[in-house]
Amino acid sequence: MGRMSSAHLFQSYSLMDYFLKYFLFLCNLVFTVLGLVVLGLGIWGLSSKESFAQEKIGTIGTDPMLILLTLGFLLTLLCLTGCVGALRENCCLLKMFSVIVLVLITIQVLFAIVAYTVQDQIEGYLRSGMLAAMAGYQDDLDLRFITDEIQLGLQCLGYDLYYNCSAPGVLACGVPSTCCVDPLENGTVWNSQCGVRAQVMDEFTAQSVIFLGGCLGGISRWIEQHEGLIGTVGVVVFGVQILAVFIATRLSNNNQQQVQQQTNNDHWMT
């Protein structure tokens, strides 16, 4: 009778449990790789600007690349916890993973509530952010890269109107080449001087050389045009997190039940 009871108590997972186990493992593995990529980009960005040098280490806390590095590290650490916990059926790691993801879900819900309540002020925050980006355009390579990508992608210029896309010094009456309608010279070579003296042109002449619309309005229009996609992505990401918590909790509970059954069976047999 002891053998039959032991065989019953040590039965393996159901097919569904195995599916959930490896589904959780694969999902976390994918996000672990993503986290490592983000971490690598952060390290590369800091290294390329020599931010780890002794004379610059004091200002590394304000470097935007530090955000990528931190996010990449935390994402990798969290997903590795989920990977190992699912693969090794470790109750402690699975519980830790579930709690952390649950905390992240709570933070996201609170953030969404706060964003909804202050939605009228978001434009002001965007304006302040873009003004800061314009002010540091020539000095910060990261801000310059982000600003250039926004201007190229949205075909806009500066934060508001075209005369606000100015730069200090010799470029005070010009705009960045990423604000030009056609920055390529002869269709092949990038002309970095295409926006020089653009601000002294009248608006009719300038519109054939540079984009006149501000990026603040461009960002707002882009969000309005893609709000369905943004909402779908948000729901999917939120749903995946809830599913991950459910799977990790189920696997952890199953493991605990098996351990308890094994303990009871060993006690009964002795």
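269 is the number that numbering that gives the first Met the number 0 gives the last residue of the sequence shown; the numbers go up by one with no jumps. For each residue, glycine too, the CB sits at the ideal point set by N, CA and C.
Rounded C-alpha distance that separates residue 215 from residue 16: Numbered from 1 along the sequence shown, position 216 holds the residue referred to as residue 215. Numbered from 1 along the sequence shown, position 17 holds the residue referred to as residue 16. If I take the Cα positions, the gap works out to 49 angstroms.
Unbroken stretches of the alpha helix (DSSP H), 4 residues or longer, contained in the region 53-120: 63-87, 90-116
C-alpha distance - residue 113 paired with residue 193, whole-angstrom precision: For the purposes of this step, residue 113 is taken as the residue at position 114 of the sequence shown. For the purposes of this step, residue 193 is taken as the residue at position 194 of the sequence shown. Distance between the alpha carbons of residue 113 and residue 193 is about 42 angstroms.
Residue environment, residue 38, which counts as buried when at least 16 other CB atoms sit within 10 Å: Within the sequence shown, numbered from 1, the residue matching residue 38 stands at position 39. Burial call: buried.
Local Cβ density within 10 Å of residue 127, reported as buried at 16 or more and exposed below that: On the sequence shown, position 128 is the one that residue 127 refers to. With fewer than 16 other Cβ atoms within 10 Å, it is exposed.
Selection from 18, 67, 13 that minimises the alpha carbon distance to residue 141: Translated into positions along the sequence shown, residue 141 becomes position 142. When only C-alpha atoms are compared, the closest one is 67.
Three CB pairs or more closer than 8 angstroms across the region 120-140 and the region 87-106: no
Cα-Cα separation between residue 154 and residue 24, rounded to whole angstroms: Working through the sequence shown from its first residue, we reach residue 154 at position 155. Working through the sequence shown from its first residue, we reach residue 24 at position 25. Their Cα atoms are separated by approximately 42 angstroms.
Reference residue 253, options 76, 88, 29, 174, closest by Cα: In the sequence shown, residue 253 corresponds to position 254, counting from 1. Considering only alpha carbons, the answer is 88.
Classification of residue 82 by the beta-carbon crowding that lies within 10 angstroms, buried from 16 upward: The count along the sequence shown starts at 1 and reaches residue 82 at position 83. So residue 82 counts as buried.
Identified DSSP bridge partners for residue 156: Residue mapping note: residue 156 aligns to position 157 of the sequence shown, counting from 1. BP columns for residue 156 are empty, so no partner.
Residue 116 versus residue 110: straight-line alpha-carbon distance, rounded: As a working mapping, residue 116 is identified with position 117 in the sequence shown. As a working mapping, residue 110 is identified with position 111 in the sequence shown. Each residue's alpha carbon lies about 10 angstroms from the other.
Close Cβ partners of residue 72 (< 6 angstroms) along its chain, the five nearest in sequence each way excluded: For the purposes of this step, residue 72 is identified with residue 73 of the sequence shown, where counting begins at 1. Cβ neighbours of residue 72 beyond the five flanking positions: 38.
Pick from 21, 255, 157 that is closest to residue 130, judged by C-alpha positions: Counted from its first residue, the sequence shown places residue 130 at position 131. The candidate whose alpha carbon is nearest that of residue 130 is 157.
As assigned by DSSP and simplified to three states, the class of residue 39: To locate residue 39, count along the sequence shown from 1; it is residue 40. Three-state result, residue 39: helix.
Per DSSP, cross-strand counterpart(s) of residue 149: The residue you call residue 149 lines up with position 150 of the sequence shown. Answer is none; residue 149 lacks a bridge partner.
Contact belief for residue 207 with residue 235 at Cβ below 8 angstroms, rounded distance in angstroms: Residue numbering aside, residue 207 sits at position 208 when the sequence shown is read from its first letter. Residue numbering aside, residue 235 sits at position 236 when the sequence shown is read from its first letter. Contact doesn't hold; Cβ gap of about 42 angstroms is too wide.
Distance CB(residue 99)-CB(residue 70) smaller than 8 angstroms: For the purposes of this step, residue 99 is taken as residue 100 along the sequence shown, with counting starting at 1. For the purposes of this step, residue 70 is taken as residue 71 along the sequence shown, with counting starting at 1. It is not a contact, given that the beta carbons lie outside the stated cut-off.
Environment of residue 203 [buried if 16+ CB atoms lie within 10 Å]: Residue mapping note: residue 203 aligns to position 204 of the sequence shown, counting from 1. Exposed is the call here.
Candidates 190, 63, 238, 79: closest to residue 45 by CA position: As a working mapping, residue 45 is identified with position 46 in the sequence shown. Per the Cα distances, 63.
Beta-carbon proximity of residue 246 to residue 22, cut-off 8 angstroms: Counting from one through the sequence shown, the residue named residue 246 turns up at place 247. Counting from one through the sequence shown, the residue named residue 22 turns up at place 23. Cβ distance < 8 angstroms, so residue 246 and residue 22 count as in contact.
Proximity below 8 angstroms, CB of residue 147 to CB of residue 182: To locate residue 147, count along the sequence shown from 1; it is residue 148. To locate residue 182, count along the sequence shown from 1; it is residue 183. Cβ atoms of residue 147 and residue 182: not closer than 8 angstroms.
DSSP state of residue 183 mapped onto helix, strand, coil: Here residue 183 refers to the residue found at position 184 when the sequence shown is read from its first residue. Strand at residue 183.
Enclosing alpha helix (DSSP H) for residue 209 [first to last residue]: Translated into positions along the sequence shown, residue 209 becomes position 210. No alpha helix (DSSP H) contains residue 209, which DSSP labels as neither H nor E.
Cβ-Cβ separation, residue 92 to residue 84 (assumed contact under 8 angstroms), whole Å: Translated into the one-based positions of the sequence shown, residue 84 becomes position 85. Translated into the one-based positions of the sequence shown, residue 92 becomes position 93. Yes, residue 84 and residue 92 are in contact; Cβ-Cβ is about 3 angstroms, under 8 angstroms.
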